[in-house]
Amino acid sequence: MGNGCSTSSKRKLRSHSVAEGDSHAPPGNLLTHSQPSDGEKCSDPGNIDATPPNPPRPLPKKRKKVVLVLQDGSEVEEPDVIEPIIEKPQPEKTQTGLACEEIVLLIPQALSDGTQRVTIKLCDADFKTTLDLIHETIGCKDVAQKPELSYKLSNASAKAPTFNLRVEGDWEGCLESVEQAEAGKKKGGTALSVPVMIIVPEIYLLSLCSHTSKRKAPQTVSSVGGKRGRKKAPALIDLDNDYSDDLGDDDGGDDEDLLEQEQKMLESLENTLSTCQKCGPSLYCKIDKSGQHVALSMNQRCGWAMSLALNTHGVTLHSPPKSPLFSAFHGVGSTPTSITPASQP
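Using full-length UniProt numbering, the first residue of the sequence shown is number 1, and each one after it goes up by one.
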């Protein structure tokens with residue numbers, strides 16, 4: 001009897017719990033079983049309607065710690081590491097648009113038959129600064145009469161015309177020409193610079209050389225050399241614009257005597273230099289220290305004649321002055337293995 005009461009009471013409790021949960025039961029489910037609480041064991045292991053408990057949620061994975069080692073050996077944990085973004089530096093663009101940041105000028109010098117290579121930065125390439133640099137390189141910075149300059153790109157043909165370089169507009173045109181030439185001259189994707197040749201009249205360089213040697217400029221020069229076909233020496237330029245004032249000075253006679261003596265020395269020198277059997281009488285030939293025949297320019301001959309007129313020590317008709325104009329003729333000599341006709345320096 002006792003067992004039957006207990007069984008009937010359990011059925012009443014179960015039916016009552018089902019009735020109370022009918023309003024909340026999901027549709028289609030006629031039976032609803034309560035889930036056992038945590039730690040409660042099912043007393044009826046043969047009950048197939050019992051559902052297993054939900055599996056536990058997996059724990060989140062731990063983030064790897066980044067340990068930074070400082071210079072002193074200590075370690076610091078860094079939870080978040082942000083890789084810095086490094087921007088590549090961009091090359092600065094020049095205002096002129098030239099591919100190179102510099103421009104190269106090839107400038108002649110009065111005291112040398114060579115040409116001086118001068119490199120200037122584009123930020124300093126205004127016309128006035130460039131003109132002062134050209135005059136200083138030529139050697140005419142301290143004289144009143146400046147030369148009439150012109151220019152020509154180094155990659156231009158020999159028959160290409162020259163362009164004036166007198167005002168700022170001429171200089172701007174020169175920079176534009178260099179820019180166009182550099183745009184079409186590249187090697188491995190890199191633009192190559194195109195030098196600019198500065199052209200100075202030869203008579204100006206000759207006059208400047210004479211002026212540097214303390215020589216007054218005459219208005220006319222008589223014919224030099226007694227042989228047929230000899231050219232007349234050109235009239236020199238008065239670079240200080242004071243020749244007319246010096247004509248009335250008391251010491252003008254000394255200058256005239258010096259000029260007359262120089263002309264005599266020039267005539268004697270040219271007669272000596274034109275006796276080379278290999279080069280002939282039409283060239284003023286002098287053998288340099290390496291044994292090569294070199295035809296002396298008018299600039300060199302006048303400088304040599306002036307030294308003879310001044311009785312410079314060590315200068316003779318066969319030994320030129322020890323100046324930059326004649327550097328190729330002084331020093332350790334050598335015996336030439338073969339003799340070639342004279343070439344222009």
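Every residue gets a Cβ at the ideal spot worked out from N, C-alpha and C, and that includes glycine. Note that the structure is a prediction, hence the values are computed from the model and not measured.
#1: How do the segment 273-280 and the segment 318-326 stand: do at least 3 beta-carbon pairs fall below 8 Å, yes or no?
#2: What did DSSP end up calling residue 26 once you bin it into helix, strand or coil?
#3: Please list the terminal residues of the continuous alpha helix (DSSP H) segment that includes residue 210.
#4: Assign residue 117 to one of two classes, buried (16 or more other C-beta atoms within 10 Å of its C-beta) or exposed (fewer than that).
#5: Check whether the segment 163-180 and the segment 204-214 are in contact - that is, three or more C-beta pairs closer than 8 Å.
#6: Buried or exposed for residue 192, please, with buried defined as at least 16 other CB atoms from any protein chain shown within 10 angstroms of its CB.
#7: Could you say which of 120, 208, 115, 153 lies nearest to residue 103 if we only look at CA atoms?
#8: Would you list the residues sitting across from residue 163 in a DSSP beta bridge?
#9: At what residues does the alpha helix (DSSP H) containing residue 114 begin and finish?
#10: Please list, in chain order, all residues of the same chain as residue 262 whose beta carbon is under 6 Å from its beta carbon, the five residues on each side excluded.
#11: Use the C-beta contact count for residue 301: other C-beta atoms within 10 angstroms, 16 or more gives buried, fewer gives exposed.
#12: Spatial neighbours of residue 325 within its chain, please: CB distance less than 6 Å, with the 5 preceding and 5 following residues excluded, ordered by chain position.
#13: So residue 109 is in the beta strand (DSSP E); what residue range does that whole segment cover?
#14: For a test of the three-state rule: what should DSSP assign to residue 302, helix, strand or coil?
#15: Apply the 10 Å Cβ neighbour rule to residue 108 and answer buried if 16 or more other Cβ atoms are within range, or exposed otherwise.
#16: Answer with buried or exposed for residue 210, where buried requires no fewer than 16 other C-beta atoms within 10 angstroms of its C-beta.
#17: So does residue 103 have its beta carbon nearer than 7 Å to some heavy atom of the ligand SAM?
#18: Count the other CB atoms within 10 Å of the CB of residue 130; is the residue buried (16 or more) or exposed (fewer)?
#19: On a Cα-Cα basis, can you pick out the residue from 123, 144, 142, 151 that is closest to residue 105?
#20: CB residue 166 to CB residue 149, shorter than 8 Å?
#21: Tell me whether residue 311 sits in a helix, a strand or coil according to DSSP, three-state version.
#22: From the DSSP output, which residues share a beta bridge with residue 278?
With the structure as the only source:
#1: no
#2: Its pLDDT being 48, under 50, residue 26 is placed unreliably by the model, and nothing is read from it.
#3: 202-212
#4: exposed
#5: With a cut-off of 8 Å, the segment 204-214 and the segment 163-180 do not count as touching, because too few Cβ pairs lie within range.
#6: exposed
#7: 120
#8: 151
#9: Note, residue 114: premise wrong, no alpha helix (DSSP H); beta strand (DSSP E) at 112-121.
#10: 305, 306, 309
#11: buried
#12: 300, 303
#13: Segment 102-109, the beta strand (DSSP E) holding residue 109.
#14: Assigned with DSSP and collapsed to three states, residue 302 falls in helix.
#15: buried
#16: buried
#17: No copy of the ligand SAM occurs in the structure displayed, which carries no ligand at all.
#18: buried
#19: 151
#20: Taking 8 Å as the Cβ cut-off, residue 166 and residue 149 qualify as a contacting pair.
#21: coil
#22: DSSP, once it has assigned bridges, lists no residue as partnering residue 278.
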